[in-house]
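**Student:** Structure incoming, see below.
Protein chains: 2
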Amino acid sequence: MDRRQRKTRAAILGAFIGLLKEKSYGKITVQDIIDAADVGRTTFYTHFETKDDLLRSLCGEIFEHVFSHDLGKEKTHDFSEEHDTRARVTHILYHLQEHMDYLPGIVSGESGEVFMAFFKEHLKGLFAHAREAEGCAVPRDYIQNHMVCDFAETVRWWTRNARYTPEEISSFFFETTPLL
Amino acid sequence: MDRRQRKTRAAILGAFIGLLKEKSYGKITVQDIIDAADVGRTTFYTHFETKDDLLRSLCGEIFEHVFSHDLGKEKTHDFSEEHDTRARVTHILYHLQEHMDYLPGIVSGESGEVFMAFFKEHLKGLFAHAREAEGCAVPRDYIQNHMVCDFAETVRWWTRNARYTPEEISSFFFETTPLL
DNA sequence: TTTGTTACCGAACATCGTGTTCTCTTTTAT
DNA sequence: ATAAAAGAGAACACGATGTTCGGTAACAAA
């Protein structure tokens, strides 16, 4: 890949992130982005199909980063299941914290749907072993959705209450679910 | 209020609901709505400020209906707290079911944010008494958000799995939370 | 019934953001 | 040195939003 391409792509993504610190995705225009990145309009559209494509690319990079060093992906650990999951959750929160400065601009509105969809997709594996409820037959689908939404919404809440540490958020999360 | 106004407003809202059964909010244009309602463009904009205003009006009507006969709003019942809440939840699900045919078009995408915000606002009172977690100090804010999101996301899941009854959904919900 | 008000129509319009297309220049690889 | 690829810049078409205006029809009160 050409050096220019890498620089341009980085400039666009960087400008996009910078703008997300100021205003939400919905209020950012392509014009804003290319002005901030100092690239031509044509250039933008050779790198990204649409504005939404840029958003999806950013989400992809975020979660590639956040889940890349996920301890639990290879099952080489000797922890109990719960301890393992707790460690992984805390770890993920730590990595998410690095993006905290621009997450508020992305987790709500139209972009929120995209962001949350990416997030939930990546989270599926994390809660695959969630306990089934005892008395009543709750469908596996429901449990899955419940856990994934619980955690994803917790993170969304965190972006509006960023004063808490990853350990605290992790505690809140595990204290309020009986399924892990 | 003029008879014409009532008819026109009803026509627009009705056409909007009809369109939501076919496609999602984001794909519906004002042109679609005024064609389906058979009203002039000007008329639309005298009744609703913007397309989003129409959406908010619809959400308002939905939740006014769904929460209007909420048993628990006047505290005249002698049930235990949990039983009371369970009855109210089931009752709400029954009323939501009446809108099930067009809810899928509204709970996702850009409109999803608006819909969920309305829903969560109305739900706040329902879970005000949710138990605090025992061991650790989980903030009241967190509990509140947790419960409200849990239920709202449960409903969203239901719109994609409408084969379940209100009682079943209610069971799933209460089986997976330790806070009620 | 007349009169004044209000709702509605419809067609045109301005505006804005998106995504495309063109020509021309600069950079890179070989 | 030269061909291929990347970018600049300006113009363009398009679609959707929301507004404006002059004319028509319904309503309500005299």
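So the sequences go chain by chain: V and R.
With the numbering used here applied, the first sequence covers 6 to 185.
With the numbering used here applied, the second sequence covers 6 to 185.
Beta carbons: idealized from backbone N, C-alpha and C, even for Gly.
Source: prediction; values computed, not measured.
Under the rule that 16 or more other beta-carbon atoms within 10 Å means buried, what is residue 13 of chain V, buried or exposed?
**Tutor:** In the first sequence, residue 13 of chain V corresponds to position 8, counting from 1. By the neighbour-count rule (16 or more Cβ atoms within 10 Å), residue 13 of chain V is buried.
**Student:** For the pair the region 22-38 of chain R and the region 54-64 of chain R, tell me if three or more CB-CB distances fall below 8 Å.
**Tutor:** The region 22-38 of chain R vs the region 54-64 of chain R: in contact.
**Student:** With a 10 Å radius around its C-beta and 16 neighbouring C-beta atoms as the bar for buried, classify residue 38 of chain R as buried or exposed.
**Tutor:** Indexing the second sequence from 1 puts residue 38 of chain R at position 33. Buried is the call here.
**Student:** Please confirm if the region 131-138 of chain V is in contact with the region 98-107 of chain V, defined as three or more CB-CB distances below 8 Å between the two stretches.
**Tutor:** No, because fewer than three Cβ pairs between the region 131-138 of chain V and the region 98-107 of chain V fall closer than 8 Å, the two stretches do not touch.
**Student:** Mind listing the chain V neighbours of residue 113 of chain R? Cutoff is C-beta to C-beta under 9 Å, in chain order.
**Tutor:** Within the second sequence, residue 113 of chain R is the residue found at index 108, counting from 1. The answer, in chain order, is 118.
**Student:** Quick one: what does DSSP say residue 141 of chain V is sitting in, helix, strand or coil?
**Tutor:** As a first step, residue 141 of chain V is located in the first sequence; it is residue number 136 there, counting from the start. Three-state DSSP puts residue 141 of chain V in coil, outside helix and strand.
**Student:** Using a Cβ-Cβ cut-off of less than 7 Å, give me the residues of the region 93-104 of chain R that come near chain V, in sequence order.
**Tutor:** Answer in chain order: no residues at all.
**Student:** Once the 5 residues before and after residue 95 of chain V are set aside, which same chain residues still bring their CB inside 8 Å of it?
**Tutor:** Stepping through the first sequence from its first residue, residue 95 of chain V is reached at position 90. Cβ within range, chain order: 171, 172 and 175.
**Student:** Along the chain, where does the alpha helix (DSSP H) containing residue 58 of chain V start, and where does it finish?
**Tutor:** Residue 58 of chain V sits at position 53 when you count from the first residue of the first sequence. Taken as a continuous stretch (DSSP letters only), the alpha helix (DSSP H) holding residue 58 of chain V covers 56-73.
**Student:** Could you say which of R:158, R:164, R:161 and R:169 lies nearest to residue 143 of chain V if we only look at CA atoms?
**Tutor:** The count along the first sequence starts at 1 and reaches residue 143 of chain V at position 138. Among R:158, R:164, R:161 and R:169, the Cα nearest to that of residue 143 of chain V is on R:169.
**Student:** From residue 63 of chain R to residue 28 of chain V, what distance separates their C-alpha atoms?
**Tutor:** As a first step, residue 63 of chain R is located in the second sequence; it is residue number 58 there, counting from the start. As a first step, residue 28 of chain V is located in the first sequence; it is residue number 23 there, counting from the start. Their Cα atoms are separated by approximately 28 Å.
**Student:** Is the CB-CB distance between residue 164 of chain R and residue 119 of chain R below 7 Å?
**Tutor:** Along the second sequence, read from residue 1 onward, the residue named residue 164 of chain R stands at position 159. Along the second sequence, read from residue 1 onward, the residue named residue 119 of chain R stands at position 114. Not closer than 7 Å, so no.
**Student:** Just to confirm the assignment, what range does the alpha helix (DSSP H) spanning residue 50 of chain R have?
**Tutor:** Within the second sequence, residue 50 of chain R is the residue found at index 45, counting from 1. From DSSP, the alpha helix (DSSP H) with residue 50 of chain R extends over 46-52.
**Student:** Who are the neighbours of residue 70 of chain V on chain R, taking C-beta pairs under 9 Å?
**Tutor:** Sequence index remark: in the first sequence, residue 70 of chain V carries index 65 (1-based). Result: empty, since nearest Cβ-Cβ is about 25 Å, beyond 9 Å.
**Student:** Please confirm whether residue 54 of chain V has its beta-carbon closer than 7 Å to some beta-carbon of chain R.
**Tutor:** Within the first sequence, the letter at position 49 stands for residue 54 of chain V. It does not: the Cβ of residue 54 of chain V has no partner Cβ on chain R nearer than 7 Å.
**Student:** Whose CA, out of V:15, V:184 and V:161, lies closest to the CA of residue 133 of chain V?
**Tutor:** Translated into positions along the first sequence, residue 133 of chain V becomes position 128. The shortest C-alpha separation from residue 133 of chain V is found at V:184.
**Student:** Determine, for residue 173 of chain R, whether the minimum Cβ-Cβ distance to residues of chain V falls below 7 Å.
**Tutor:** Taking the second sequence and counting its residues from 1, one reaches residue 173 of chain R at position 168. So no, residue 173 of chain R is outside the interface.
**Student:** Would you please state the rounded distance, in angstroms, between the beta carbons of residue 75 of chain V and residue 93 of chain V? I believe it to be under 8 Å.
**Tutor:** If you number the first sequence from 1, residue 75 of chain V lands on position 70. If you number the first sequence from 1, residue 93 of chain V lands on position 88. Confirmed, Cβ separation roughly 6 Å.
**Student:** Going by beta-carbon coordinates alone, are residue 167 of chain R and residue 124 of chain R separated by less than 7 Å?
**Tutor:** For this step, residue 167 of chain R is matched to residue 162 along the second sequence. For this step, residue 124 of chain R is matched to residue 119 along the second sequence. No, Cβ-Cβ distance for residue 167 of chain R and residue 124 of chain R is not below 7 Å.
**Student:** Figure out for me which residue from R:147, R:50, R:47 and R:159 has the closest Cα to the Cα of residue 101 of chain R.
**Tutor:** For the purposes of this step, residue 101 of chain R is identified with residue 96 of the second sequence, where counting begins at 1. Minimum Cα distance to residue 101 of chain R is reached at R:159.
**Student:** What would DSSP say about residue 122 of chain V, mapped onto helix, strand or coil?
**Tutor:** Residue numbering aside, residue 122 of chain V sits at position 117 when the first sequence is read from its first letter. Note: residue 122 of chain V maps to helix in three-state DSSP.
**Student:** I need the straight-line Cα distance from residue 52 of chain R to residue 23 of chain R, nearest angstrom please.
**Tutor:** In the second sequence, the residue the question calls residue 52 of chain R occupies position 47. In the second sequence, the residue the question calls residue 23 of chain R occupies position 18. Roughly 18 Å separates the two Cα atoms.
**Student:** What residue does the alpha helix (DSSP H) around residue 26 of chain R start on, and which one ends it?
**Tutor:** By 1-based counting over the second sequence, the position of residue 26 of chain R is 21. Note, residue 26 of chain R: alpha helix (DSSP H), 8-27.
**Student:** Quick check: is any heavy atom of the ligand ZN less than 6 Å from the C-beta of residue 40 of chain R?
**Tutor:** As far as ligands go, the structure on display features none, and thus does not contain the ligand ZN.
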